[in-house]
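Residue numbers (this note's numbering), protein chains in the order written: chain A, 392 to 691; chain B, 2 to 105.
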């Protein structure tokens, strides 16, 4: 055997190993390269999304800021001229009232201004027809504001409507009328509402009312918040639900709205809505904010 | 005296309008005849495919709306104002099978 050909002991698998060894290295390199590429694309995508979000929030906050400045200047200008220039005509002052009400009804309690305007109209040295026309314009404005607010509140809450037929005893206040109970549920909180009309004034177009609220003990309602409460208030066309409402537990609100009235009767609406839809000037209590934060963390 | 007379004449000449819809539970009630009666005046309408209606009648103030449904005629008092008023009604069946017409 010496000096003879050394026999080839490499079988098929050895040969395959020789061929595949460099290929394996190549495949690993390709895999690492792909992984790197995919990782860097994911990071790029994430960074791009973050940049878009940052830009969006920046744009939004800039827009909010400029809008707030514009509204502030507008408000100062209108309210300033409203009180400074008492010699202005009734028509001009009504126009300012319309501007204020249409632009700031969500942030401002306009009831005192509406009442002030009504007194001005009553005192004004104008003909009966003109006075009626001014009064109608003022009332129409108030009802338009209420209508807009009701749409917003109803969209996020619950509404119940009532018709009240006036009797002589209701007009003179000798007998009250209790309306049918409304059982409404909002965000899992069930409550019962009962409206009692004590007296109506068809000249001033307002009514004295009582509202009883009963919250049964249920999941999400603390022992302290459960129970029956009653409030009394006056409701007229100048009462706006976003501001003239009753605060309930769990950051919720309820308001009674006078939608129409004539000597024969009135149309009322009860609207039960979340506090987030209430007036911009209303702030939730700290414990309510903390509770909401805790609830959000738990749900996540 | 003159103003009272004027008011009476105006209310007699006034036209009132109500509009809205009629339901049983969550289902809207279609093709149902509704009659609005204000004193001696009355007007009729039929609920459409969406259960909506609109009725105009001569007169204003306290009126009565009657629905003709399954051989029954439940009714409810309504008030007509100087502007069209929206009324949403539901028919609720009592334990005796009689329907009650209610505003919601």
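Note that CB positions come from ideal geometry on N, CA and C, so glycine has one too.
| Check | Outcome |
| --- | --- |
| Chain-ordered neighbours of residue 627 of chain A on chain B, where CB pairs are closer than 8 Å | Neighbours of residue 627 of chain A on chain B: none; closest Cβ ~15 Å, over 8 Å. |
| Same chain only: Cβ atoms within 7 Å of residue 618 of chain A, ignoring 5 sequence neighbours per side | 606 |
| Under the three-state DSSP convention, the category residue 334 of chain A falls into | The question about residue 334 of chain A has no answer, for chain A in this structure spans 392 to 691. |
| Distance CB(residue 466 of chain A)-CB(residue 505 of chain A) smaller than 9 Å | no |
| Cβ of residue 51 of chain B within 9 Å of any chain A Cβ | no |
| Residue 605 of chain A (DSSP reduced to helix, strand or coil) | strand |
| Check whether residue 587 of chain A and residue 557 of chain A have beta carbons under 9 Å apart | no |
| Beta-carbon proximity list for residue 95 of chain B, same chain, < 7 Å, skipping 5 on both sides | 101 |
| Local conformation of residue 48 of chain B per DSSP, three classes | coil |
| Three CB pairs or more closer than 8 Å across the stretch 77 to 89 of chain B and the stretch 14 to 23 of chain B | yes |
| N- and C-terminal bounds of the alpha helix (DSSP H) containing residue 347 of chain A | Because chain A here runs from 392 to 691, residue 347 of chain A falls outside it and cannot be looked at. |
| 8 Å contact criterion, which residue 662 of chain A and residue 548 of chain A should meet: CB distance rounded | 6 Å |
| DSSP-derived helix/strand/coil call for residue 670 of chain A | coil |
| Nearest residue (CA-CA) to residue 471 of chain A, options A:589, A:567, A:487, A:544 | A:487 |
| Opening and closing residue of the beta strand (DSSP E) in which residue 551 of chain A lies | 549 to 556 |
| Selected residue, minimal CA-CA separation from residue 61 of chain B, among B:42, B:35, B:77, B:88 | B:42 |
| Contact with chain A by residue 62 of chain B, beta-carbon distance below 9 Å | yes |
| Residue 505 of chain A: first and last residue of the uninterrupted alpha helix (DSSP H) it sits in | 502 to 514 |
| Listed by chain order, chain A residues near residue 86 of chain B by CB distance under 7 Å | 651, 658 |
| Proximity test, Cβ basis, 9 Å: residue 59 of chain B and chain A | no |
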